[in-house]
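The structure under discussion appears below in the form of structure tokens.
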Ligand SMILES: Nc1ncnc2c1ncn2[C@@H]1O[C@H](COP(=O)(O)OP(=O)(O)OP(=O)(O)O)[C@@H](O)[C@H]1O
Ligand SMILES: [Mg+2]
């Protein structure tokens, strides 16, 4: 099936009066996993925040469609209810709400207890959401939240930052489970956009399409591992010449 879950057309986004996203297009089809690389401060998180209509992110121009619906007039909860879930780079702390209560309010999955065990979050269930969680614990809680939500489109911002290698494997396993990676590609219904700096996650999650985001737009699209290898060799500054090569090869 070739259904687009997310379509972004000529998107311009500003934050605090400054243009951060300066015209970009992206299409994520059902079953696809996209990975976005890019330097610090280039606007990767801004992109995800803008898709979710988080406060402070203004769409100045362009269109975002989720499952063919223009979301321009929708609120964040309406967008989430279309089937989008986001794992934050810096998850908010919510005092007075335990992880158990939070998961109870959003859970749509059938085997949450199993995944709570797999992510070693059993002993966190009575703690206030994200309050005092270590870097790795925060990321495990975010992925657990995604698992509970079981959205059709996962927006995952830096899942492995501050996470040790062992825990990256555990987090990835849970993400793969949400993405039905054991199912043949054609039957997979869920898609994802994953933002990564280190690329470690590529060792655990099969991604289909990679993008380099720089200066407010996507400057390169291609094989995720090849892009990662190029960045390791030539840094992000090498990406502009790389795009020409990749376009020529198409
Ligand atoms: N709420 C805000 N107020 C002011 N500036 C903001 C706000 N949110 C983002 N910005 C600015 O927008 C730019 C892009 O930020 P963004 O967080 O999207 O970058 P990023 O690509 O995700 O970076 P990183 O790799 O460090 O996570 C930065 O210069 C940042 O300071
Ligand atoms: Mg970011």
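Residue numbers (this note's numbering): 250 to 499.
Note that the Cβ used here is the ideal one computed from N, Cα and C, for glycine as well.
These numbers were taken from a predicted model, which means no experiment stands behind them.
Does ligand 1 have even one heavy atom less than 7 Å from the beta-carbon of residue i?
i: residue 261; result: no
i: residue 385; result: no
i: residue 317; result: no
i: residue 484; result: no
i: residue 468; result: no
i: residue 265; result: yes
i: residue 287; result: yes
i: residue 411; result: no
i: residue 291; result: yes
i: residue 305; result: yes
i: residue 269; result: yes
i: residue 446; result: yes
Taking residue i as part of the beta strand (DSSP E), name the residues at either end of that continuous run.
i: residue 326; result: From DSSP, residue 326 is part of no beta strand (DSSP E) but of the alpha helix (DSSP H) over 325 to 330.
i: residue 467; result: 466 to 471
i: residue 422; result: Note, residue 422: premise wrong, no beta strand (DSSP E); alpha helix (DSSP H) at 414 to 427.
Shortest alpha-carbon distance to residue i belongs to which of the options?
i: residue 425; options: 413, 395, 448; result: 395
i: residue 433; options: 279, 275, 347, 319; result: 279
i: residue 446; options: 409, 269, 329; result: 409
i: residue 355; options: 471, 261, 398; result: 398
i: residue 263; options: 309, 283, 303; result: 309
i: residue 312; options: 359, 407, 261; result: 261
i: residue 307; options: 318, 316, 324; result: 324
i: residue 390; options: 437, 369, 431, 404; result: 369
i: residue 255; options: 404, 459, 416; result: 404
i: residue 362; options: 393, 346, 335; result: 393
i: residue 273; options: 475, 462, 482; result: 462
Between residue i and residue j, what straight-line distance do the alpha-carbon atoms span, to the nearest angstrom?
i: residue 340; j: residue 373; result: 16 Å
i: residue 292; j: residue 422; result: 27 Å
i: residue 499; j: residue 382; result: Because the pLDDT at residue 499 is just 45, under 50, the model does not fix this residue reliably, and the value given afterwards should be weighed accordingly. Whole-angstrom Cα-Cα distance: 46 Å.
i: residue 357; j: residue 486; result: 43 Å
i: residue 269; j: residue 359; result: 39 Å
i: residue 314; j: residue 367; result: 34 Å
i: residue 418; j: residue 453; result: 6 Å
i: residue 301; j: residue 331; result: 11 Å
i: residue 299; j: residue 350; result: 27 Å
i: residue 464; j: residue 322; result: 27 Å
i: residue 344; j: residue 375; result: 12 Å
i: residue 494; j: residue 342; result: Low confidence applies here, because residue 494 scores a pLDDT of 49, under 50, leaving its location unreliable; read the following figure in that light. Residue 494 and residue 342: Cα-Cα distance of roughly 44 Å.
i: residue 497; j: residue 471; result: Note on residue 497: pLDDT 46, under 50, position unreliable in the model; no value is reported.
i: residue 252; j: residue 459; result: 19 Å
By the DSSP assignment, the alpha helix (DSSP H) with residue i in it spans what residues?
i: residue 295; result: 293 to 300
i: residue 392; result: 384 to 398
Pull every residue with its beta-carbon under 7 Å away from any heavy atom of ligand 2, and keep them in chain order.
This selection yields 293, 294, 338, 406, 407, 444.
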